[in-house]
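The next block holds one structure in the form of structure tokens; read it before the comments.
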Amino acid sequence: MSEGLDALVVGGDHDRVVGEVVDVVSRTAPEIREGLVGRRQPVGGEANPTGDTQMEADVWADDLLGERLRAIEGVGEYASEERESVVDCGEGLSVAVDPLDGSSNLVSNNPMGTIFGCYTEPIPAPGTALVAAGYVCFGPVTTMVVATDDGAAEYEIDGGDRRLLEGSVTLPREPTVYGFGGRVPEWSPEFTAFAREIEGECKPRYGGAMVADVNQVLSYGGIFSYPALGSRPAGKLRLQFEGNPIGYVVERAGGRSSDGEGSLLSRDADELHGRTPVHVGSPDLIDRLEDALA
Ligand code: AHM
Ligand code: MG
332 MSEGLDALVV GGDHDRVVGE VVDVVSRTAP EIREGLVGRR QPVGGEANPT GDTQMEADVW
392 ADDLLGERLR AIEGVGEYAS EERESVVDCG EGLSVAVDPL DGSSNLVSNN PMGTIFGCYT
452 EPIPAPGTAL VAAGYVCFGP VTTMVVATDD GAAEYEIDGG DRRLLEGSVT LPREPTVYGF
512 GGRVPEWSPE FTAFAREIEG ECKPRYGGAM VADVNQVLSY GGIFSYPALG SRPAGKLRLQ
572 FEGNPIGYVV ERAGGRSSDG EGSLLSRDAD ELHGRTPVHV GSPDLIDRLE DALA
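Each position in the sequence shown, counted from 1, maps to that position plus 331 in my numbering.
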């Protein structure tokens with residue numbers, strides 16, 4: 332296992348499996364990055380199981396990660412945002428992946444990421460069953476944040492190597508940036524009123540890829556939300572592949588996550604592709620948001 336991860340204890344028998352999952356995701360990241368060339372168009376205009384446009388790179392990255400993660404002894408299930416159903420592969424941890432989060436940014440060549448979560452229960456599972464989660468951020472350089480119950484660490488990925496940047500990622504207390512998804516007329520009056528307050532306190536930074544938008548909240552402090560919308564009362568983002576893993580990472584970095592009422596991690600997991608409003612960031616701002624929405 333690379334430098335730094337051993338500082339993050341997963342516990343029990345899960346250490347080795349989580350370590351291998353992290354290794355596979357980080358070793359595959361440079362290949363995914365290179366393989367994006369020539370795969371930036373939609374797959375014959377088709378939609379993925381949740382109705383969004385599937386890009387050629389989405390399918391390709393899912394195949395690559397799926398094949399490698401399923402081969403790990405101790406991975407019992409593989410689930411992906413790009414697949415209709417969960418793939419059973421034996422006994423062990425259930426791994427949920429969003430192979431290319433924010434892949435609509437392929438068209439405009441903006442940042443994207445890969446998200447993963449390791450659950451101790453069959454998927455769909457609640458966030459309380461996560462023992463590790465993380466993401467790769469394909470920005471100007473490739474970085475990775477990995478969280479376990481012990482905390483969060485950030486790495487730079489250079490070729491096949493994962494180099495530790497920060498062994499204890501901590502969300503800055505002072506809020507600086509915000510990014511809110513969806514069209515403003517679709518927001519509830521309560522969320523709109525909260526957004527007006529935040530606009531006076533922080534700088535807008537919304538890029539259309541949650542991984543990159545959350546990564547800057549972890550870097551500078553602030554808040555990211557994809558709220559409930561008039562046309563989508565459950566919001567856009569999926570609990571298994573996006574809300575839970577990102578909520579887990581932010582909480583382990585000292586922030587808070589919320590579905591508008593309480594931690595994303597305590598939300599019931601009823602459907603594989605179920606959606607949820609997602610709010611993550613500095614604890615004070617998430618407290619204020621929950622008060623505003625109450
Ligand atoms: P995807 O996983 O299919 O790429 O969709 C999720 C992405 C998130 O990364 C991002 O926060 C959101 O969709 C952006 O949506 P919008 O285009 O409505 O701003
Ligand atoms: Mg996504």
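Don't be surprised by glycine CBs; every beta carbon is placed ideally from N, CA and C.
Does the distance from the C-beta atom of residue i to that of residue j stay below 8 Å?
i: V428; j: R371; result: no
i: L603; j: A410; result: yes
i: S613; j: A559; result: no
i: V611; j: V508; result: no
i: P430; j: E413; result: yes
i: I446; j: Y466; result: yes
i: L424; j: V348; result: yes
i: G578; j: L624; result: no
i: L502; j: Y486; result: no
i: G448; j: P576; result: yes
i: D395; j: E362; result: The amino acid at residue 395 is misidentified as Asp; the sequence shows Leu. Closer than 8 Å, so yes.
i: G458; j: R583; result: no
i: R504; j: G552; result: yes
i: G574; j: Y537; result: no
i: G470; j: E517; result: no
i: C293; j: P506; result: Past the boundaries of the shown model lies residue 293; the chain is included only from 332 to 625, so the question cannot be answered.
i: D480; j: V462; result: yes
i: G444; j: V542; result: yes
i: L570; j: G605; result: yes
i: T607; j: L568; result: yes
i: A464; j: V580; result: yes
i: S588; j: E621; result: no
i: S434; j: M386; result: yes
Bridge partners of residue i, per DSSP?
i: C449; result: V426, A463
i: C468; result: G444, T474
i: E487; result: T474, R494
i: V353; result: Beta-bridge pairing links V353 to no other residue.
i: E408; result: D419, S425
i: P373; result: M386
i: D432; result: G444
i: I554; result: Y509, G612
i: G482; result: T479
i: R587; result: G612
i: R606; result: R569
Is any heavy atom in ligand 1 found nearer than 7 Å to the beta carbon of residue i?
i: K534; result: no
i: L568; result: yes
i: D544; result: yes
i: D590; result: no
i: G512; result: yes
i: E365; result: no
i: Y557; result: yes
i: D419; result: no
i: D344; result: no
i: D383; result: yes
i: S435; result: yes
Any chance the CB of residue i is under 7 Å from a heavy atom of ligand 2?
i: F572; result: yes
i: D432; result: yes
i: M541; result: yes
i: E412; result: yes
i: D429; result: yes
ask   = Which whole runs of the beta strand (DSSP E) in the segment 501-534 are 3 residues long or more, in chain order?
value = Positions of the beta strand (DSSP E) runs, each at least 3 residues long and wholly inside the segment 501-534, are given as 508-511 in order along the chain.
request  = Return the chain-ordered ranges of every alpha helix (DSSP H) run that is complete within the segment 559-584 and spans a minimum of 4 residues.
outcome  = The segment 559-584 is shown to contain whole alpha helix (DSSP H) runs of 4 or more residues at 575-583, in chain order.
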